Every structure is written in structure tokens, then in C-alpha cells.
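Notes for the one structure printed next.
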Amino acid sequence: MDRREVMKSLAAMFGTDLLLPIRIAISQNFDPIDFSGGTLFSELQKNQISAAAETIIPETDTPGAKAANVVNFIEVMLQ
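Numbering-wise (this note's numbering), the sequence shown opens with residue 76 and increments by one.
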């Protein structure tokens with residue numbers, strides 16, 4: 076067995092180990108998280124957080140934080 080065959084075998088062995096958690100997660104029933112926002116922040120706070128997030132992830136040729144509704148994600152994660 077040459078070095079190339081050993082590398083292929085190791086890659087296959089470790090690759091399948093990496094896929095196992097993904098297969099387990101897919102096989103389990105789960106409810107998706109609702110990111111529509113909650114009542115944790117007031118409208119003023121949402122606007123401020125949205126502006127701060129837009130400063131960190133600005134809109135360029137791709138959507139920024141405001142377009143991605145990052146404020147709703149932050150609100151859900153803090154609840």
C-alpha cells in the first residue's frame with residue numbers, strides 16, 4: 076500500500092466520522108426556530124441594534140444586516 080492509498084483511506088475514515096453528527100441531526104425531528112422577532116426589544120432598541128449591526132455588516136453588492144433582519148435573530152438568541 077503506497078502513501079496515496081493510505082491518505083485516501085484516512086480521508087474516507089475521518090470524512091465519515093464528520094458526517095455522523097449531521098446524519099443524526101437530520102434524522103431527528105426538530106422544530107425550526109421562529110426568527111420573526113419577539114417582544115424583548117422596543118422599537119427604538121430594535122432600530123439602534125439594527126443600525127449597529129448594519130455598521131458591522133454593511134450593505135454592499137450583497138444584503139447587509141438590516142436586509143437580513145439580524146435584529147430579529149439577536150432578539151431570539153437573547154430570549
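A virtual CB, placed ideally from N, CA and C, is assigned to each residue, including glycine. Quick caveat, the model's predicted, so the values are computed rather than measured.
It is roughly 10 Å from the alpha-carbon of residue 150 to the alpha-carbon of residue 144. For residue 120, the enclosing alpha helix (DSSP H) starts and ends at 118 to 131.
In terms of Cβ geometry, residue 131 and residue 140 form a close pair [threshold 9 Å]. Looking at 152, 82, 146, the one whose alpha-carbon comes closest to that of residue 129 is 146. CA-to-CA, the gap between residue 97 and residue 104 works out to about 13 Å.
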